[in-house]
Amino acid sequence: MSIAAPELRPVFKEQFINEKWEKYQSQKFFDELISSSGNPRIKARAVVNLFKNMSESEMNARKKAAELAIRDMGVSFTVYSSERNIDRAWPYDIIPRIISAFEWRNISLGLKQRLKALNSFIDDVYNQQLILKEGIVPESLVIQSPNYKQECRGISPPYGAWANICGTDLVRHSNGKLFVLEDNLRVPSGISYMLENREVTRRVLPEIFENYSILPVDDYPAQLFKTLSSLSPREIKKPCIALLTPGIFNSAYFEHAFLARSMGIQLVEGSDLFVSKNNILYMKTVDGPVRVDVVYRRIDEEFLDPEIFRSDSTLGVPGIMRAWKSGNLSIANAPGSGVADDKAIYRYVPEMIKFYLNESPIISNVRTYLCSDSRELDYVLSNIEKLVIKPVNESGGYGLLVGPKASSKEVVRFKKLIADNPSNYIAQPTLRLSTAPTYLNSSIEPRHLDLRPFILNGSDLWVTPGGLTRVALKKGSLVVNSSQGGGSKDTWIVENIK
Amino acid sequence: MIMLSRVAYQLYWMARYLERAEDMARTVNTYTHFIMDLPRGTEFDWNVLIEITENAESSRYFNHNAKEQSVLRYIISSPKNPSSILSSVRFARENVRTTRNMLPSEVWEIANELYNFVEEESEQSITRKNRFKFLSEVTEKCQLINGHIMTTVSRNHTYRFIKLGHLIERADMTNRILRSSAGAISRRKFKNTTFDSLLWTNMLKATSTLGTYRQVVSPMIDGNSVIDYLYRDRDLPRSIIFCIDGILKDLKSFTEDKKITNILTKIHARLNRFDVRGMGFEDFDKFSSDLQEMLDNLDYMIRGALFEIEQL
Numbered sequence: 092m093s094i095a096a097p098e099l100r101p102v103f104k105e106q107f108i109n110e111k112w113e114k115y116q117s118q119k120f121f122d123e124l125i126s127s128s129g130n131p132r133i134k135a136r137a138v139v140n141l142f143k144n145m146s147e148s149e150m151n152a153r154k155k156a157a158e159l160a161i162r163d164m165g166v167s168f169t170v171y172s173s174e175r176n177i178d179r180a181w182p183y184d185i186i187p188r189i190i191s192a193f194e195w196r197n198i199s200l201g202l203k204q205r206l207k208a209l210n211s212f213i214d215d216v217y218n219q220q221l222i223l224k225e226g227i228v229p230e231s232l233v234i235q236s237p238n239y240k241q242e243c244r245g246i247s248p249p250y251g252a253w254a255n256i257c258g259t260d261l262v263r264h265s266n267g268k269l270f271v272l273e274d275n276l277r278v279p280s281g282i283s284y285m286l287e288n289r290e291v292t293r294r295v296l297p298e299i300f301e302n303y304s305i306l307p308v309d310d311y312p313a314q315l316f317k318t319l320s321s322l323s324p325r326e327i328k329k330p331c332i333a334l335l336t337p338g339i340f341n342s343a344y345f346e347h348a349f350l351a352r353s354m355g356i357q358l359v360e361g362s363d364l365f366v367s368k369n370n371i372l373y374m375k376t377v378d379g380p381v382r383v384d385v386v387y388r389r390i391d392e393e394f395l396d397p398e399i400f401r402s403d404s405t406l407g408v409p410g411i412m413r414a415w416k417s418g419n420l421s422i423a424n425a426p427g428s429g430v431a432d433d434k435a436i437y438r439y440v441p442e443m444i445k446f447y448l449n450e451s452p453i454i455s456n457v458r459t460y461l462c463s464d465s466r467e468l469d470y471v472l473s474n475i476e477k478l479v480i481k482p483v484n485e486s487g488g489y490g491l492l493v494g495p496k497a498s499s500k501e502v503v504r505f506k507k508l509i510a511d512n513p514s515n516y517i518a519q520p521t522l523r524l525s526t527a528p529t530y531l532n533s534s535i536e537p538r539h540l541d542l543r544p545f546i547l548n549g550s551d552l553w554v555t556p557g558g559l560t561r562v563a564l565k566k567g568s569l570v571v572n573s574s575q576g577g578g579s580k581d582t583w584i585v586e587n588i589k
Numbered sequence: 003m004i005m006l007s008r009v010a011y012q013l014y015w016m017a018r019y020l021e022r023a024e025d026m027a028r029t030v031n032t033y034t035h036f037i038m039d040l041p042r043g044t045e046f047d048w049n050v051l052i053e054i055t056e057n058a059e060s061s062r063y064f065n066h067n068a069k070e071q072s073v074l075r076y077i078i079s080s081p082k083n084p085s086s087i088l089s090s091v092r093f094a095r096e097n098v099r100t101t102r103n104m105l106p107s108e109v110w111e112i113a114n115e116l117y118n119f120v121e122e123e124s125e126q127s128i129t130r131k132n133r134f135k136f137l138s139e140v141t142e143k144c145q146l147i148n149g150h151i152m153t154t155v156s157r158n159h160t161y162r163f164i165k166l167g168h169l170i171e172r173a174d175m176t177n178r179i180l181r182s183s184a185g186a187i188s189r190r191k192f193k194n195t196t197f198d199s200l201l202w203t204n205m206l207k208a209t210s211t212l213g214t215y216r217q218v219v220s221p222m223i224d225g226n227s228v229i230d231y232l233y234r235d236r237d238l239p240r241s242i243i244f245c246i247d248g249i250l251k252d253l254k255s256f257t258e259d260k261k262i263t264n265i266l267t268k269i270h271a272r273l274n275r276f277d278v279r280g281m282g283f284e285d286f287d288k289f290s291s292d293l294q295e296m297l298d299n300l301d302y303m304i305r306g307a308l309f310e311i312e313q314l
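Residue numbers (our numbering), protein chains in the order written: chain G, 92 to 589; chain P, 3 to 314.
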């Protein structure tokens with residue numbers, strides 16, 4: 092029997108919010124939570140019902156609580172501007188994105204398959220070059236790429252795994268099918284936000300977990316530690332692992348500190364390390380030099396070693412490449428991995444899967460036109476308003492042209508850019524990215540999103556359950572990068588839906 | 003436990019800056035009260051505070067007879083003064099930020115809070131009206147960090163380097179405070195002993211030791227006993243000899259550097275021989291400036307021996 096008086100509920104407000112859900116429509120896009128008939132998908136039913144029963148003020152209170160939690164936890168990212176770097180609170184949307192475990196099992200297999208093939212490819216091009224000899228991937232595309240590092244010739248890291256941490260961007264097209272948009276094999280970031288998003292949801296929406304069995308994500312630091320340990324060149328019980336950061340001014344410094352702390356490893360800067368004459372990497376500690384076995388580098392390889400790459404780099408460690416090449420040190424991701432993370436090479440991943448694994452790709456690639464190929468270039472130039480043009484070597488959503496949205500002036504500018512340097516560009520059809528309900532300014536609106544799972548490859552392969560969902564907060568926008576106003580969602584892989 | 007030299011150095015400086023901010027806040031607070039108790043026309047001026055923080059910058063900015071507001075602005079909220087409360091808190095927070103993974107998360111949260119508070123409030127807090135509350139809050143927040151460190155940090159390198167920073171800075175600050183005050187007293191043309199005891203009482207307040215002084219030494223407060231107490235009482239955490247004892251004990255566990263042991267033994271011997279009774283101001287001034295120099299030297303040697311590791 093209840094002793095307290097029944098809560099007075101502002102019924103009209105509830106209906107107000109309810110109505111917002113009823114009116115919600117994603118039109119011609121695939122929506123992650125709401126089917127085209129307007130009803131929640133089975134996996135999302137309990138979550139949507141919970142939100143439907145919240146008044147507007149309650150929704151706002153949860154949103155506020157999330158913002159506070161993020162501030163208290165110090166979850167931030169840095170935005171570079173011309174004047175100064177600004178530390179911004181991480182943007183988080185209270186409505187989670189839900190994926191069924193059934194679908195995820197297959198995606199997870201596809202991601203492992205892909206990374207396995209990519210690593211075989213990297214190992215091949217720096218060694219026997221079978222795939223080039225067979226003519227499956229054009230030799231010039233690889234050898235002339237600025238990402239192909241001569242210094243890496245003849246080297247084969249443990250397990251042939253060059254890219255040990257991979258962040259693969261997935262998007263869902265309007266037909267409901269997932270595609271790989273790109274593979275990030277250099278220094279992919281975002282994992283800490285995936286973990287913190289879950290923590291925020293736990294704090295501000297504890298009741299939402301009641302009807303679900305959601306795969307936990309907290310295992311990542313332990314898995315990463317295991318992966319890094321497996322790379323140690325010395326067979327010792329506790330190899331010494333260090334995370335190399337460019338320092339506090341880097342946009343991902345929060346993540347570097349977060350990962351180092353969660354793994355209990357040292358967070359080092361270039362000046363903390365040195366390489367001895369006999370090619371061993373040490374860190375400077377108060378008890379004297381300590382030998383380092385594995386470096387998880389979070390700096391670009393151009394800055395890694397002033398002896399080899401950019402000589403003006405103060406972030407790196409002179410001689411670290413010598414230590415790596417002599418086999419006294421593992422670097423994750425291995426220098427040179429970037430050769431497979433190039434939008435022109437991307438196009439050949441399905442062929443790599445066939446060639447190295449003799450399998451057919453589980454997750455599809457987006458159709459990609461290489462402007463370096465004259466026939467494909469013709470197609471690109473005459474269909475530019477239907478395509479997305481991307482520079483081969485950029486990341487972070489910079490320097491691209493979205494054909495259907497571009498002004499004629501921009502189209503002209505890009506046509507010239509492509510004509511001047513065709514091998515620097517690729518083109519892809521514009522995908523109609525899926526949407527999910529997002530809570531913005533007291534209303535619930537469809538917003539486009541993508542998904543970045545992380546795949547680890549050391550002695551084993553491992554995939555995060557889910558990943559980081561990034562969402563474009565501007566209406567109709569496809570740009571999800573947080574540096575350009577994107578937000579994020581907690582991502583659930585759910586089992587046994589009642 | 004592995005500790006990077008850079009991280010050890012940053013922890014050491016974090017502790018020094020926190021101790022500096024705390025000690026300075028307490029000193030300014032008591033000095034304000036002291037001045038309020040004095041009759042008009044007494045010759046104590048605000049310059050004493052500048053002397054305490056004396057560094058290359060301060061002598062460029064100030065001549066004698068500076069006004070209260072400008073002195074207080076310099077001490078509390080000036081970004082140009084590397085030892086102002088604002089600068090100390092900024093540097094301390096920056097050091098916590100880069101050593102965050104070695105410290106309890108609460109320490110980061112409070113340091114961040116302290117920083118936000120000082121950034122927002124310091125400029126309005128130079129007026130007498132807001133000063134007391136502001137300075138008390140700075141002291142309290144520093145103490146809160148100390149408390150977390152004392153009760154949660156494992157007694158390993160992390161703790162040792164923090165402790166080392168606190169001890170050196172505290173010895174340094176206590177010496178500076180005593181030296182400037184003794185100088186102010188000696189400069190007076192007209193002797194008025196009534197206010198002398200008020201000054202020494204405030205000195206004890208500035209170092210938070212008035213209560214224990216009364217219990218341990220005497221309820222009567224006189225200059226010589228205060229000086230002796232703050233330099234030589236082995237049980238008093240704020241006395242200089244206590245800090246030196248602590249540093250000796252602390253350093254023994256991780257360095258056998260001869261130069262460091264020598265200078266510490268030298269400081270120790272000087273303090274043991276020190277007898278303020280019958281000392282003129284000049285002798286005392288020499289003693290305290292020698293001590294200052296030895297402390298600076300000690301810092302320099304610690305830096306060399308512990309933080310700058312030679313390459314193989």
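All residues carry an ideal CB built from backbone N, CA and C; glycine is no exception.
Owing to the predicted nature of the structure, the values given are computational and were not obtained by experimental measurement.
Taking the Cβ atoms as the reference, GLY129(G) lies roughly 7 Å from GLN116(G), within the contact range of under 8 Å. Close partners of THR100(P) in chain G (Cβ separation under 7 Å): ILE339. In this chain, PRO556(G) is not harboured by any beta strand (DSSP E), its DSSP state being neither H nor E.
Under the 8 Å criterion on CB atoms, ALA157(G) is classed as non-interfacial with respect to chain P. Rounded to the nearest angstrom, the gap between the Cα atoms of MET152(P) and ARG294(G) is 29 Å. The C-beta distance from PHE345(G) to PHE168(G) rounds to 7 Å, short enough to meet the 8 Å contact threshold. Every beta strand (DSSP E) of 3 residues or more that sits fully in the region 163 to 197 of chain G is shown, in chain order, as 167 to 171, 176 to 180, 184 to 191.
Look at the region 369 to 430 of chain G and you find these whole runs of alpha helix (DSSP H), each 4 residues long or longer: 411 to 416. The Cβ atoms of LYS580(G) and VAL554(G) do not sit closer than 8 Å to each other.
Looking at the DSSP output, TRP15(P) shares a beta bridge with no other residue. Around ALA307(P), the same chain offers THR257, ASP259, LYS261, ILE262 as residues with beta carbons nearer than 8 Å, after the five sequence neighbours per side are excluded. GLU230(G) is positioned such that its CB atom lies no closer than 8 Å to that of TYR437(G). By the 16-neighbour rule on beta-carbons within 10 angstroms, ARG289(G) is buried. Residue-level contact check: VAL440(G) does not touch chain P, since none of the beta carbons of chain P fall below 8 Å from its beta carbon. At a cut-off of 8 Å between beta carbons, ASN97(P) makes no contact with chain G. Neighbours of LEU358(G) in chain P, taken as residues whose beta carbon is under 7 Å from its own, are ASN103 in chain order. A Cβ of chain P is located within less than 8 Å of the beta carbon of SER362(G). No Cβ of chain G is located within less than 8 Å of the beta carbon of PHE93(P). Across the structure, LEU335(G) and THR292(G) are spaced so that their CA atoms are roughly 30 Å apart. Judged by DSSP in its simplified three-state form, ILE584(G) adopts strand. Separation of GLU111(P) and GLU24(P) (C-alpha to C-alpha, rounded to the nearest whole angstrom) is 18 Å. Its Cα nearest to that of LEU273(P), the residue ASP230(P) stands out among ASP230(P), LEU250(P), GLU295(P). Within chain P, the residues ILE4 have their CB atoms less than 7 Å from the CB of VAL381(G), given in chain order. Taking 8 Å as the upper bound for CB-CB distance, ILE222(G) and MET443(G) are in contact here, some 7 Å apart. Secondary structure at ILE535(G): strand, using DSSP grouped into helix, strand and coil.
The beta carbon of ALA27(P) is closer than 7 Å to those of ILE87, LEU137, VAL140, THR141 in its chain, skipping five residues each way along the sequence. Contact between the region 239 to 257 of chain P and the region 169 to 186 of chain P is present: three or more C-beta pairs spanning the two stretches fall below 8 Å. Residues of the region 235 to 267 of chain P with a C-beta atom less than 8 Å from some C-beta of chain G are PHE256, listed in chain order. Against chain G, the CB of LEU308(P) has a partner CB under 8 Å away; the residue lies at that interface. TRP48(P) sits away from ALA17(P), with the two beta carbons spaced by 8 Å or more. Sequence-distant Cβ neighbours of PRO249(G) in its own chain, meaning closer than 6 Å and more than five residues away, are LEU322. Restricting attention to PHE193(G), LEU559(G), VAL366(G), SER342(G), the CA atom closest to the CA of ASP396(G) is found in VAL366(G). The residue among ARG132(G), ILE327(G), ALA208(G), LYS477(G) with its C-alpha nearest the C-alpha of ALA518(G) is LYS477(G). Per DSSP, ILE147(P) is one residue of the alpha helix (DSSP H) stretching across 130 to 154. In the three-state reduction of the DSSP assignment, PHE365(G) falls in the strand class. By the rule that beta-carbons nearer than 8 Å mark a contact, HIS270(P) does not touch chain G.
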